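One structure is given here, and the rest of the page talks about it.
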Amino acid sequence: MQKTVSGVRASSATRYRERLSPSLWVIASAAVVAPMAALVLSPFDTNLALVAGAAIGVCFIWLLIAGSPVVEIRDGVLTAGRAHIDVGFTGDVAVVAGADAQQARGPGLNPRSWHVIRGGIDGLVIVSITDPDDPAPSWVISSRTPDRLAAWLRRAQTTPRTPGR
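As structure tokens, then:
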């Protein structure tokens, strides 16, 4: 389910892109919506119930996938979910996994940070924010490939940009 893009397959402006889609077990669990909808509609018409149940199940799964947040680095801008920030305002990048990631998502979670955390994705990237006007001291971002995200972010921080881009 991981979708990452590098400059090879996409435009040269795209550096990194990952859709934080739900894991396979979440999608399989969501498929239970179809028989439940069919059961509700079965007193009216069995054929209608089967068709409507299947359609509702497919739509529900599509909404889960289409509504998944995207993490992207493009044109010197880091986008995580609905938020975006120029990489010039980002500082240290830390990759966290395993027990440290559980600590960072749980008791160590800073409530002032910007969070794009997805259940079922173990890796985290914690990016410190250096903008004095930004109320969030850091961004905590789930990633299936946290090492690649951190590498692309560090590369974007050191790559000079053309003005006006």
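Converting from the sequence shown to the numbering used here requires adding 43 to each position, the first position being numbered 1.
Idealized CB from N, CA, C, for every residue including glycine.
Computed from a predicted model, the values in this text were never measured in an experiment.
query	result
So what does DSSP say about residue 171, is it helix, strand or coil?	strand
Per DSSP, what kind of secondary structure is residue 74 in: helix, strand or coil?	coil
I'd like the list of long-range same chain contacts for residue 173, defined as Cβ closer than 8 angstroms, with 5 residues on each side in sequence excluded.	132, 133 and 134
With a 10 Å radius around its C-beta and 16 neighbouring C-beta atoms as the bar for buried, classify residue 67 as buried or exposed.	exposed
For residue 137, tell me which candidate among 72, 170, 153 and 62 has the shortest Cα-Cα distance.	170
Short of 7 angstroms in beta carbon distance, which residues of its chain neighbour residue 178, apart from the five on each side in sequence? Order them along the chain.	155
Go to residue 126, then tell me how far its beta strand (DSSP E) extends in each direction, as first and last residue.	126 to 129
Helix, strand or coil: which one does DSSP assign to residue 198?	helix
In whole angstroms, give me the CA-to-CA distance for residue 59 and residue 120.	11 angstroms
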